[in-house]
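Participant: Take this structure first; my questions come after.
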Amino acid sequence: MDKRLWTLREYPFHPEKLRYHETIFTVGNGYLGTRASFEEGYEGDTPATLVHGLYNHAPHTQVPELVNAPNWTEVQIKVDGTPFRLITRSSDLLNPPQGLILGYERALHLDEALLRRVVLFRAASGATVRIIFERFASLHDPHILAQRIHVTAIDGAPEIELEAVLDGQVSNNGVQHWATMAPSAQAEQFSLFGVTNQSGYKLTMASALLGPGTPVGQTQERRASSVVRIQLGRDDHAIFDKLTAVYTSRDCADPTVSAATKLAEARATGYDSLLAAHRQAWKHCWQAMDITIEGDDFAQLAVRFTTYHLLIAAPQHDEQVSIGAKTLSGLGYKGHVFWDTELFMLPPFTLTLPSIARNMLMYRYHRLEGARQKARENGYEGAMFPWESTDTGLETTPKWSDVLDKQGQPLRIWTGDNEQHISTDIAYAVLQYWRWTGDDAFMTQYGAEIVLDTAVFWGSRAQFIDGRYELHDQIGPDEYHENVKNSVFVNRMVVWHLQQALQLLTWLEQHAPQDAARLVQNLDLNAERLARWRDIIANMIIPFDEARQIHVQFDGFFDFEYIPVQHYEPRVGGLWGYLGHERALRSQVIKQADVVMLMALLGEELAPRQVLLNNWETYYPRCDHGSSLSPAMHAWVAARLGLRDEAYHMLRHALAIDLEDNKGNVADGIHGAACGGAWQAIVFGLCGLHLTSDGPALSPQLPPHWKRVGFKVVYQGQVYPFVAEA
Ligand code: IFM
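Below is the structure:
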């Protein structure tokens, strides 16, 4: 194994990139994610641990958000009384006033999901130590978090004081979600017990500090710790392990009892065996999901990085949660679940680790009542999924933005009202899962209800005008254009959705008549309703320009101002920030793949190849990729059109979104959709994976410098290893 292609490094320390590294070096295990803030802290750092499903709606805030849990990683070290800090000033190497860092390297080992930092630190006394910090969130047992701190005396024989801390003095950018946070500590064991102030979730973290010396428990307000002092001899070393167990009331009846039991178990197992089990669990994941790319080291490392971030956020054991837009790696988008999940992040799991995809689809199934409530409140029937979703399944998109317009007023956010295509996106993911897995049990018991009740919604939503069906006040994927009439993406996907719903019903009647009868009765799928679906399919307006042979993004799109996007290169971020909201709204600048997204989803089912090419030539130059969701979809479609240069250019862009921070906002968290999109762009796009009557097959369009791409997919229970060659 070439470790270079599995390792992200920071060397030397880059204080100006503190928050970027906190995000990209996040560790996690599908239960929680923890940003890579330093154990000892650093000015301006943003430590966060986000636990799936732990939402709270704090007083005086617009919407609920994932709660920042106590920081389990904190460790304070003193060397001969000098606090260990990342002080890099080299003013006085021999007589450092507050200690000095002589060497630093941090590495995230993607193969084993282990974060490791090595520092050389000279204390004010002149004694020098090497400190190695390791941490991982066990994938084998998601309730166990482990740290090892290895201190070696390099020069001198210093006294080491080490305080292992659970810090509950946390908030979400100042918003306090914890009503209480009670500390307790005794000798080497210490814990925090917190209750959120609206949702009432309980959480317990319990830790133990293991190693030499005689630890003493300490508590302060919302903080618990254990502190130990030892004397190191020359060339001597000491290993301290800090093991933490975490439970919430989402997982068990009494998180305190469960955490205590788990901590005892972790102590009995010990750090080395915990790490061995964690490594084994990761091996299994990588065997299923790794993509190997020969001929492009950047792409190889980058796709492992994006896949790692999908895996650390993926709920392996919980069908009540799903992955938010920023995964569990930052507070951006408040941990809310968007269409990013179903169309971008979920397909890689459907094809490799389908039980994870099933969990995420079940999250939606369990929230059908919320979707029905949203439909009712808006005067529609069936199930209308929220644009932004949390634990309740109700709409949680904020109505107002933090960004102010030119008059200093907050902008109205319309996506929660009108970005309604999410209901079809979810249905698409359900049907894709079914097609690839053949999981009829899931489909008959759960999936069909999602597909059919969202179809009921569209049946009630479509507007019958002059003998045709239209959809007004929609937001398609391109969010620069709000509340448009007849988005081609939405209208065409709705037609597709209704077609699939009718076929599914026929299949159910033949293969699962009892489920068909149950759904027909419960969802009131009467003859009149089905006839309307057929009528919508036949008569929905699909905006199309016959003369130019292109799809029209929405009615009136080409009446808007044409702005050559390429004139604004190079830039970081979308054109929206340059043009302002009002001008962007009335321009032909597109935020993200929209018609191109439709082409990715429907391929040649949408139109003959020449029309797809015409669409590409029309919309690609108008897109500013202001959204991180965009480049991967362009890469996918370009490859299918045989446009290898554009495909690689767009894939490179997608792979670099987080790694090179090319949107400038990685500090807020990983762009989960870009990660899932990159996987799909390579597999469906560049490698051309598609289903035939004989099963999956490839039709590669690799960049000339790529020699070989290898990956595996599971189709209907059977593993298919693939190698695509240039
Ligand atoms: O869902 C996306 C949307 O498509 C573009 N704006 C950001 C959202 C969350 O990633």
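Here the sequence shown is numbered in this note's numbering, starting from 180 and rising by one per residue. Just so you know, even glycine gets a beta-carbon here, dropped at the ideal spot from N, CA and C.
Following a CB-centred definition, is residue 508 positioned closer than 8 Å to any heavy atom of the ligand IFM?
Facilitator: Not so, every heavy atom of the ligand IFM lies at least 8 Å from the Cβ.
Participant: At the level of alpha carbons, what is the spacing between residue 754 and residue 800?
Facilitator: One C-alpha to the other measures close to 13 Å.
Participant: Shortest alpha-carbon distance to residue 335 belongs to which of 551, 411 and 367?
Facilitator: Checking every option, the nearest Cα to that of residue 335 belongs to 411.
Participant: Residue 480 to residue 886, Cα distance in whole Å?
Facilitator: Straight-line Cα distance between these residues: approximately 16 Å.
Participant: Please identify the residue among 749, 759 and 766 whose C-alpha is closest to the C-alpha of residue 737.
Facilitator: Closest by alpha carbon: 766.
Participant: Comparing alpha-carbon positions, which option in 379, 193, 359 and 366 lies nearest residue 372?
Facilitator: Answer by Cα proximity: 359.
Participant: Any idea what DSSP makes of residue 643, helix, strand or coil?
Facilitator: Residue 643 falls in the strand class under three-state DSSP.
Participant: Could you name the residues that DSSP lists as bridge partners for residue 891?
Facilitator: The partner list for residue 891 (beta bridge, DSSP) reads 900.
Participant: Sort out for me which residues DSSP pairs residue 352 with in a bridge.
Facilitator: Answer is none; residue 352 lacks a bridge partner.
Participant: I need the DSSP call for residue 806, collapsed to helix, strand or coil.
Facilitator: DSSP places residue 806 in coil when its eight states are reduced to three.
Participant: Per DSSP, residue 874 forms a beta bridge with which residues?
Facilitator: In DSSP, residue 874 forms a bridge with 871.
Participant: Does the ligand IFM have even one heavy atom less than 8 Å from the beta-carbon of residue 489?
Facilitator: Residue 489 Cβ: outside cutoff for every heavy atom of the ligand IFM.
Participant: Can you find a heavy atom of the ligand IFM that lies under 8 Å from the Cβ of residue 771?
Facilitator: Checking every heavy atom of the ligand IFM against the Cβ of residue 771, one is found closer than 8 Å.
Participant: Are the beta-carbon atoms belonging to residue 327 and residue 419 less than 9 Å from one another?
Facilitator: Yes, these two residues count as a Cβ contact at 9 Å.
Participant: Excluding sequence positions up to five away, which residues of its chain have a Cβ less than 6 Å from the Cβ of residue 581?
Facilitator: Correct list: empty, nothing qualifies.
Participant: Report yes if the C-beta of residue 833 is less than 8 Å from at least one heavy atom of the ligand IFM; otherwise report no.
Facilitator: For the ligand IFM, not one heavy atom lies less than 8 Å from the Cβ of residue 833.
Participant: Helix or strand or just coil, what does DSSP make of residue 201?
Facilitator: In the structure shown, residue 201 sits in a helix (DSSP, three-state: H, G or I).
Participant: Answer yes or no: do residue 235 and residue 345 have a C-beta to C-beta separation smaller than 9 Å?
Facilitator: Their beta carbons are not under 9 Å apart, which means residue 235 does not touch residue 345 by this criterion.
Participant: Do residue 648 and residue 720 have their beta-carbon atoms positioned less than 9 Å apart in this structure?
Facilitator: Cβ atoms of residue 720 and residue 648: closer than 9 Å.
Participant: With a threshold of 9 Å between beta carbons, is residue 716 in contact with chain B?
Facilitator: Considering every chain present, this structure includes no chain B. It has just one protein chain.
Participant: What three-state label does DSSP hand residue 360 in the structure shown?
Facilitator: Reduced to three states, the DSSP call for residue 360 is strand.
Participant: Determine the direct distance from the alpha carbon of residue 256 to that of residue 540, and round the result to whole angstroms.
Facilitator: Looking at the two C-alpha atoms, the distance is approximately 45 Å.
Participant: Residue range of the alpha helix (DSSP H) that residue 460 falls in?
Facilitator: It spans 450-468 - the alpha helix (DSSP H) in which residue 460 sits, taken as one unbroken run.
Participant: Hey, would you say the C-beta of residue 231 is under 8 Å away from at least one heavy atom of the ligand IFM?
Facilitator: No.
Participant: Since residue 579 sits in a beta bridge, which residues does DSSP pair it with?
Facilitator: Residue 579 pairs with 591.
Participant: Between the segment 601-611 and the segment 509-525, do three or more beta carbon pairs fall short of 8 Å?
Facilitator: The segment 601-611 vs the segment 509-525: in contact.
Participant: Within 10 Å of its beta-carbon, does residue 883 have 16 or more other beta-carbons around it, so buried, or fewer, so exposed?
Facilitator: The residue in question, residue 883, is exposed, as its Cβ has fewer than 16 Cβ neighbours within 10 Å.
Participant: Flag this pair as yes or no: are the beta carbons of residue 356 and residue 246 separated by less than 9 Å?
Facilitator: Yes, the pair counts as a contact, with Cβ atoms nearer than the cut-off.
Participant: Determine the burial state of residue 208: buried for a count of at least 16 other Cβ atoms within 10 Å of its Cβ, exposed for fewer.
Facilitator: Buried.
Participant: Return yes when the Cβ of residue 293 is within less than 9 Å of the Cβ of residue 457, no when it is not.
Facilitator: Against a cut-off of 9 Å, the Cβ pair of residue 293 and residue 457 comes out as a contact.
Participant: Once DSSP output is grouped into helix, strand and coil, what is the label at residue 172?
Facilitator: An answer regarding residue 172 cannot be provided, because it is not within the stretch 180 to 905 covered by the chain.
Participant: Could you say which of 376, 878 and 852 lies nearest to residue 821 if we only look at CA atoms?
Facilitator: Among 376, 878 and 852, the Cα nearest to that of residue 821 belongs to 878.
Participant: Have a look at the DSSP bridge pairing and note the partners of residue 347.
Facilitator: Paired residues: none, contrary to the question.
Participant: DSSP state of residue 430, grouped into three classes?
Facilitator: Coil.
Participant: Alpha carbon to alpha carbon, how far is residue 184 from residue 476?
Facilitator: Spanning the two alpha carbons is a distance of roughly 7 Å.
Participant: If you reduce the DSSP assignment to three classes, tell me which class residue 534 lands in.
Facilitator: Three-state result, residue 534: helix.
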